[in-house]
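Before any comments, here is the structure.
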DNA sequence: ATCTAACCGAGACGGTACGTCGTGTCTTAGC
DNA sequence: GCTAAGACACGACGTACCGTCTCGGTTAGAT
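Chains as they are written, first to last, in our numbering: chain Y, 1 to 190; chain L, 191 to 380; chain R, 381 to 570; chain F, 571 to 760.
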C-alpha cells in the first residue's frame, strides 16, 4: 500500500542529469537539427539504451531538459488592470523567449512527430496559454473585456504573433514589441 | 540576341515534372517526415543525382511542387470596405490551408534548415503577406484604419493566428474562424 | 589471467560466417570483378556497416573466406629426393590452383590496392613460398643443390611460372606441367 | 571503289593525342587505380563520348598511350651465343620495366576484364614473348639447346620471374637479376 | 548471505537514407 | 559525321544514425 516499490537497481539520478546536461550542451553547440541520440549518449558517457529506456524520443529529452533548466515557473502578473498585466506578461515572455532558438527546434520536432507534439503541448504550450488565460479571466471579472469577446481567440492572437515572429524571425521580439501587442489586444477587447 | 544559348544536353522537362509529381505523391502517402530523396527518385524513375543537380534539398523540391500545383495566384479581394475584404481574404485562405498538412512539414523544414527557410519565406510566406498588405493599404487610403496603427503588426496578428492554429491544431481553421479574426482585426484598427 | 575481457556485445560468429559464405557465393556466380559490398551484405542478410567494421576492403573479406574455405594447410612433401619432392609439391599446387580463378581476382586487387597487397602477401603468397623453401632447404642439406645456387631465385622461377600461366592462361596448369617444371628446376640446380 | 572513303568530319588527330597524353598524365599522378574516363576527358578537354567512340575501355586507352610513348620497338640481340644474347635481352628488359608501375595497373585490368586481356596479350605480352623466342630459336639452331628442351617453358620461366617480381615487388628487378636469371636459363638448357 | 530483478556501460547488430562518384548513353549546338 | 558540353538512369560507394540486442557488471530489496 506504500505505493509501487520497484524491484531491482533503482534508476541512476546521476545518469539522468548527465543525459539532460549533455542534451543541452549538444543543443547549444550544433542546434536542434544536429542533435542525435548517439551524440548525447557519447557526451553523457552512457549507453544509448539508457536513453531509450526513459524517453520515447530525443525531443522528449530536450523538453525535459528545458523544463528543468529553470524558467519552469510562469509568473502571472496581477497589477489590477488588463493593460498593465498584459504588458508585464508579454514583456516577460518576450524577454525570455527572444533569445531561445531551441524552442524553434522543439516546435519543428512537434510538427514532424505527433506523439511528441502532444507532450510538447501539454507540458509547455498549453501551460503558458493557461497562464495568460488567468490574466484575461481576471480582466473579464473586472469588466475590462466586452461581453461576447472570444477570449480563446485573444490568446491565439497573443501566442500567434509571438510564435510567428519566433519562427519567421522577420521582426524583433523585444519589450517594445510586447507593449505594442498588449495595446492591440486591449483595443480589441473594447 | 536569343539570350544565353546553353551548351550540352538540355534539362529534361519530362524528368523535372516526374520528380515534382513523385514528390507530391510521396507526400500525400506518407507525410513530410517520411519523404526521402531515394523514394522520390525511385518513384520518378530517375537517378538521385538528377534531383541533387537541380534542388539543394528535398524541401526545395516540395516547395516547387506545391507552388506549381495550383494555388499560385493569390486573389486579393477588393470589395470596398476593410471588413468585407478581410473576411473574404481570410475565408479564402482558411479554406485553402485548412486541409493542407504539407505546409506544416515545409515549416518544420524551414525551422531546421536556414537555407530553405529563406527560400520558403521569399517564395511563399512573404508573398502571401504582401497580398494582405495590399488589402490593408487600400483600407488605410479609405481612412478605415486609425492613423498611427502599426500595419505590420496587424499582418502578424492575422498570419500569426493562422499559423498558430495550423501548427497546434487546437482550434478549427474554418470560415467562421475567418470571420471572427476579421472582426477582431477591424476592432483593433479603431 | 583470462586475457582481454571485451566489453559490449560480442561479435556475432554467425554473421561472420554468413558474410564469408556470401562472399564466396557471389564470387562463384559473377567473378571477382562483379563482387560488391552491397551484394555481399544483401546476400548475407546483414548491414554493410558490419562488413566495414571487420574488414578494411572487400578483398580482405575474400582473402579470409578463401583461407577459411579449406586448403589452409600446405602439405610439404618429404620423399627423400628433390625431384620427387618438387614433382609432388608442384602437382599438388597445380591441381589446387588450376581451377581457381578467384586467385586471379585477388591478385588484381593486390595490384590496385597496396594495403591489401601486404595482407595478401603475408597471409597467402609468402606462406606458400616458405613451404617450397623448406623443400629446397632439405635438398640442399642432402647435397642435391650445387653450392652457390640462389635458392630464392629458384623459388621465383617456380612461382613465377605458376602465376604467369595462371594470369595469362596461355598454357595448361596441369600435373604434366608440374612434372616439366620440376625437371627444369632440378636441371638448374646442377 | 577507291576504298572506303569515310563521310563527314574526319577524326581529330589533335583530340586523339590530347586524350593519350591526358591518360598518361593522370596515370603518372594518381596511379592506375585512380584513373577515370571522366578525369581523362576533363584533362584532355574533350567529351567522354569521344573516348568511348574510339576505345572500348580505359585500359585500351592506356595501352595505346603506352605503345605510343616510345619503347615500341623490341630490340633482339644477336651476339652469337645464348648466354650473351639472354643477358643482353634480360638486362634491357629489366632496365625498361623495373621502373614502370603502370604495367602493373594494366595487368590488373587484364585480370579483371577478359576483353582487354586479349588486347593486352596480343599487342604487348605476346610480342615480347615472340622476341625472346627468336633468341631461343637462334640458339637452338646453333646447337646450344639440348634437344627435347621445351622452349615455351623456358619463355615462361623468363617472363614468369620477371612478372612475379614486378607484381610482388619482393626482390629487385635490376641488371644483376637479369644476369642471374640468364645464367639459370642457360643451365636449364643443358 | 544469498537470490533476483532492474539498472548500467559498452558496443555489435540489421536497417535505411544520405550525398558523391563513375559508368556508359543520350541529346543538344557548332564546326 | 565528328566535336565539346553536359544531362540522364543506374548502381556502388563509405558514413551516419536509427532503434534493438546482448554481453559483463552493479545495486538494491526480498528471501
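For each residue, glycine too, the CB sits at the ideal point set by N, CA and C.
- With fewer than 16 neighbouring CB atoms inside 10 Å of its own CB, residue 712 of chain F falls in the exposed class.
- For residue 648 of chain F, the closest of F:636, F:600, F:622, F:705 by C-alpha to C-alpha distance is F:705.
- With distances taken between CA atoms, residue 322 of chain L lies nearest to L:282 out of L:247, L:294, L:213, L:282.
- Our two residues, residue 313 of chain L and residue 250 of chain L, have alpha carbons roughly 11 Å apart in a direct line.
- Among the residues facing chain F, residue 467 of chain R is not included, as its CB has no counterpart in that chain under 9 Å away.
- Distance check between residue 295 of chain L and each of L:214, L:342, L:266, L:377 places L:214 closest, using alpha-carbon atoms only.
- Between residue 350 of chain L and residue 284 of chain L, the C-beta spacing is not below 9 Å.
- Excluding its 5 nearest sequence neighbours in each direction, residue 43 of chain Y has C-beta neighbours in its own chain below 7 Å: 22, 25, 26, listed in chain order.
- Of the candidates F:742, F:741, F:672, F:733, the residue whose Cα lies closest to the Cα of residue 637 of chain F is F:672.
- Nearest to residue 203 of chain L by C-alpha distance, out of L:279, L:221, L:223, L:241, is L:241.
- Assignment of residue 201 of chain L by DSSP, reduced to helix, strand and coil, places it in the coil class.
- The closest CA to that of residue 114 of chain Y, considering only L:200, L:359, L:248, is found on L:359.
- Taking the Cα of residue 724 of chain F as reference, the smallest distance to any Cα among F:709, F:598, F:623 is reached at F:709.
- For the C-beta of residue 533 of chain R, the chain F residues within less than 9 Å are, from N- to C-terminus, 731, 741, 747, 750, 751, 754.
- In this structure, residue 715 of chain F places its C-beta atom within 9 Å of the C-beta atom of residue 652 of chain F.
- DSSP, reduced to helix, strand and coil, places residue 6 of chain Y outside both helices and strands of the structure shown, so it counts as coil.
- A Cβ-Cβ distance of about 6 Å is found for the pair residue 379 of chain L and residue 339 of chain L, placing them in contact under the 8 Å criterion.
- Taking 9 Å as the CB threshold, residue 111 of chain Y lines the interface with chain L.
- Residues of chain Y whose Cβ lies closer than 7 Å to the Cβ of residue 313 of chain L do not exist, since the nearest Cβ in that chain is about 14 Å away.
- Any Cβ of chain F closer than 9 Å to the Cβ of residue 441 of chain R would place that residue at the interface, and such an atom is absent.
- Remark: C-beta atoms of residue 419 of chain R and residue 398 of chain R do not approach each other more closely than 9 Å.
- In this model, residue 316 of chain L and residue 279 of chain L are separated by some 16 Å (Cα to Cα).
- Judged by DSSP in its simplified three-state form, residue 40 of chain Y adopts helix.
- In this structure, the CA atom of residue 434 of chain R is about 10 Å from the CA atom of residue 391 of chain R.
- At a cut-off of 4 residues, the continuous stretches assigned as alpha helix (DSSP H) that sit fully inside the region 19-96 of chain Y are 37-44, 48-54, 58-68.
- Straight across, the Cα-Cα distance linking residue 370 of chain L with residue 346 of chain L is about 16 Å.
- Where residue 154 of chain Y is concerned, the enclosing alpha helix (DSSP H) starts and stops at 151-168.
- Residue 326 of chain L has a beta carbon lying at 9 Å or more from every beta carbon in chain Y.
- The beta-carbon distance between residue 698 of chain F and residue 644 of chain F, rounded to whole angstroms, is 6 Å. This is short enough to meet the 8 Å contact definition.
- Under the three-state reduction of DSSP output, residue 143 of chain Y falls in the coil class, being neither helix nor strand.
- At a beta-carbon threshold of 8 Å, the residues of chain L lying near residue 187 of chain Y are 377, 378, 380, ordered along the chain.
- Taking the Cα of residue 199 of chain L as reference, the smallest distance to any Cα among F:617, F:757, F:656, F:607 is reached at F:617.
- Here residue 361 of chain L is not near residue 276 of chain L, since their CB atoms are 9 Å or more apart.
- At the C-beta level, residue 444 of chain R and residue 400 of chain R come within 9 Å of one another.
- Around the Cβ of residue 545 of chain R, a 10 Å sphere holds 16 or more other Cβ atoms; the residue is buried.
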